[in-house]
Amino acid sequence: MIFYIPLANANSVKTDPKYFALADNLEEYNAFPWGELSWEPTRATICNAVENRLFLKRRPLKKSDKVHYSITSFPHALLIWAYESIPTIAGKFTTKYVEAIPRMLSWTSADNVKFDDVMSALTGEKKIISKL
């Protein structure tokens, strides 16, 4: 069911009733491979974002082009992994509440963190705008 929470506002998402039945049996619920279920759609959207980025890099950008990434499915796990693994990102863009349980709830972040800001934090470089 966790898999469907980020997609709950999408009209095309239908939750399979078997997931609700799992909620009635804690042992089956805990044994269910939730990671496998959520990974494939997440991986697919990451690949799509990379493909779109490569497509845009292969041609000159127009002023009307808006470059953005949208990762659907369950990207929260990837964010938490990044916060836990890359202290530079965590220190600059998040606040951690040590006592929160589950651990995922330990983190909060500012809205709309820009990719360029994250890259600047990681590399120590400022974005350079140049005209060709």
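Note that the sequence shown covers residues 905 to 1036 in the working numbering.
No residue lacks a Cβ here, since even glycine has one placed at the ideal position from N, Cα and C.
Is it true that the CB of residue j sits closer than 7 Å to the CB of residue i?
i, j, result
"T992", "A948", "no"
"Y933", "A925", "no"
Count the other CB atoms within 10 Å of the CB of residue i; is the residue buried (16 or more) or exposed (fewer)?
i, result
"F868", "Because the chain is modelled from 905 through 1036, residue 868 falls outside the range shown and cannot be assessed."
"S989", "exposed"
"T1012", "exposed"
"T946", "buried"
"I909", "With a pLDDT of only 48 at I909, under 50, the local geometry of the prediction cannot be trusted, and no value is derived from it."
Go to residue i, then tell me how far its beta strand (DSSP E) extends in each direction, as first and last residue.
i, result
"T998", "T998 to K1000"
"S1013", "W1011 to S1013"
The alpha helix (DSSP H) with residue i in it runs from where to where?
i, result
"E944", "W938 to K961"
"P921", "P921 to A927"
"I984", "H980 to S989"
Three-state secondary structure (DSSP) at residue i?
i, result
"A1004", "coil"
Would you mind working out which of the options sits nearest residue i, comparing C-alpha positions?
i, options, result
"A981", "A1004, N1016 and W943", "W943"
"P1006", "I984, R962 and E955", "I984"
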